[in-house]
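Beneath this line is the structure, given in structure tokens, with notes to follow.
Residue numbers (this note's numbering): 321 to 691.
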């Protein structure tokens, strides 16, 4: 990234007609600043507003309120074909009767570019997406990954300021999707073009992005670097949606040390990091901690949370151990935590008592303080 702002959304609002004439809000005054050469992903569950946001940037939808700036110019009233952006749709939208070369060069022909220029640019685009030699094939003769590359090449031949990707890998199987995640990242860095992608797949967002904007109910819950969103979530929603963190609810204990404090829970006491404003004894707290940070020790191993192993399961190369915490917490229902570790062996068995802790207070993050 070179630091120059290429796109800015200011106070964007959008609603659609619902039942009995009521308007259903989709976007609730969102703001976003995107820099040149950045790969940013809008991440959220279905219905959170991410597709509508992308379509407003592209000019395919008009915002009810707010402004869209592209390279400093207000483009809110500008037609889609007049904006220096291109969009790759989830279904790729290739012309089935045109071969690969014709699909990629379509927009150049509309602009009446010389035939020699079109041939040269299309050839460069095919090299870029590693499809040289596929010029004469029809879309129906390509694999899903190859069609996706053609769609990206078609969008890039005009060198737009911003490339918009609408769930670009959603139609691919898991192995190919992971391969294409790396391919998209390589292309974006090679070209230096700003990419804005949307997905509901948090693993995909973590893999391809420079920054992630987590959306929920038409608002941005958190915008930040991959490491900030994963390691320092601001809300319990972000903590659970991105990486599936464990959530604990309790109160602040006394005896705060520099940068840390005691977290009191019916199951015991642990230390958490407090990089923010001072927290007084007895204040209610919500804490998020990743499964990979949990340490399960003997029940008499000192400070920690008393728990009982309830289940062991395998996920890829990881062993997932579910434990039920002692005590009922605020809800009166026993809370469960999931610990994960590499490998598939553990002497722990269902029904065995353990004590749960983490190695570093910084691995437990206080969330939801602004709510």
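Cβ atoms here follow ideal geometry from the backbone N, Cα and C, with glycine treated the same way.
Beta-carbon contacts of residue i that lie in its chain and below 8 Å, excluding the five residues immediately before and after
i, result
"residue 354", "325, 326, 327, 328, 360, 482, 514 and 516"
"residue 607", "567, 568, 569, 570, 583, 592, 684, 685, 686 and 687"
"residue 668", "616, 629, 632, 641 and 674"
"residue 417", "458"
Residue i, enclosing alpha helix (DSSP H) - first and last residue
i, result
"residue 474", "464 to 476"
"residue 549", "546 to 551"
"residue 448", "435 to 448"
"residue 561", "556 to 561"
"residue 427", "426 to 430"
"residue 500", "494 to 511"
"residue 377", "370 to 378"
Same chain, Cβ closer than 6 Å to residue i, five either side skipped, listed in chain order
i, result
"residue 651", "In this predicted model, residue 651 has a pLDDT of only 43, less than 50, meaning its place in the structure is not dependable enough to derive any value."
"residue 525", "361, 363, 519 and 532"
"residue 438", "425 and 428"
"residue 321", "With a pLDDT of only 47 at residue 321, under 50, the local geometry of the prediction cannot be trusted, and no value is derived from it."
"residue 456", "419"
"residue 658", "611, 640 and 642"
In DSSP terms, what residue i is bridged to
i, result
"residue 316", "Nothing can be reported for residue 316, as the shown portion of the chain is limited to 321 through 691."
"residue 361", "517 and 532"
"residue 418", "DSSP output for residue 418 lists no bridge partner at all."
"residue 348", "333"
"residue 406", "483"
"residue 684", "609"
Residue of the options minimising C-alpha distance to residue i
i, options, result
"residue 384", "334, 527, 487 and 467", "334"
"residue 411", "494, 350, 490 and 420", "490"
"residue 476", "390, 423, 572 and 620", "423"
"residue 352", "632, 387 and 467", "387"
"residue 469", "480, 456, 447 and 478", "447"
"residue 530", "462, 512 and 558", "512"
"residue 684", "637, 613 and 633", "613"
"residue 463", "497, 641, 389 and 445", "497"
"residue 349", "443, 528, 454 and 541", "541"
"residue 586", "465, 379, 403 and 624", "624"
"residue 488", "480, 473 and 479", "473"
"residue 304", "405, 604, 634 and 622", "Because residue 304 is not part of the residues shown, which for the chain are 321 to 691, the question remains open."
"residue 634", "619, 647, 660 and 618", "660"
Beta strand (DSSP E) segment containing residue i, residue limits
i, result
"residue 529", "Where residue 529 is concerned, there is no enclosing beta strand (DSSP E), given that its DSSP letter is neither H nor E."
"residue 486", "482 to 486"
"residue 645", "638 to 645"
"residue 631", "624 to 635"
"residue 584", "580 to 585"
"residue 675", "673 to 678"
"residue 572", "566 to 572"
Cβ shell of residue i (< 7 Å), same chain only, five flanking positions each side left out
i, result
"residue 580", "591, 592, 593, 594 and 681"
"residue 414", "423, 459, 467, 470 and 471"
"residue 601", "572, 573 and 574"
"residue 556", "567, 606, 608, 687 and 688"
"residue 546", "526, 529 and 532"
"residue 619", "626, 673, 674 and 675"
Next item on the list: Please determine if the region 531 to 540 and the region 367 to 374 are in contact, where contact requires at least 3 C-beta pairs separated by less than 8 Å.
Entry: By the C-beta criterion, the region 531 to 540 is judged to be in contact with the region 367 to 374, since at least 3 inter-stretch pairs fall below 8 Å.
Notebook entry, point to check: How do the region 616 to 630 and the region 665 to 679 stand: do at least 3 beta-carbon pairs fall below 8 Å, yes or no?
Noted result: yes
Checklist line | Cβ pair count under 8 Å reaching 3, the region 545 to 554 against the region 391 to 407 | finding: no
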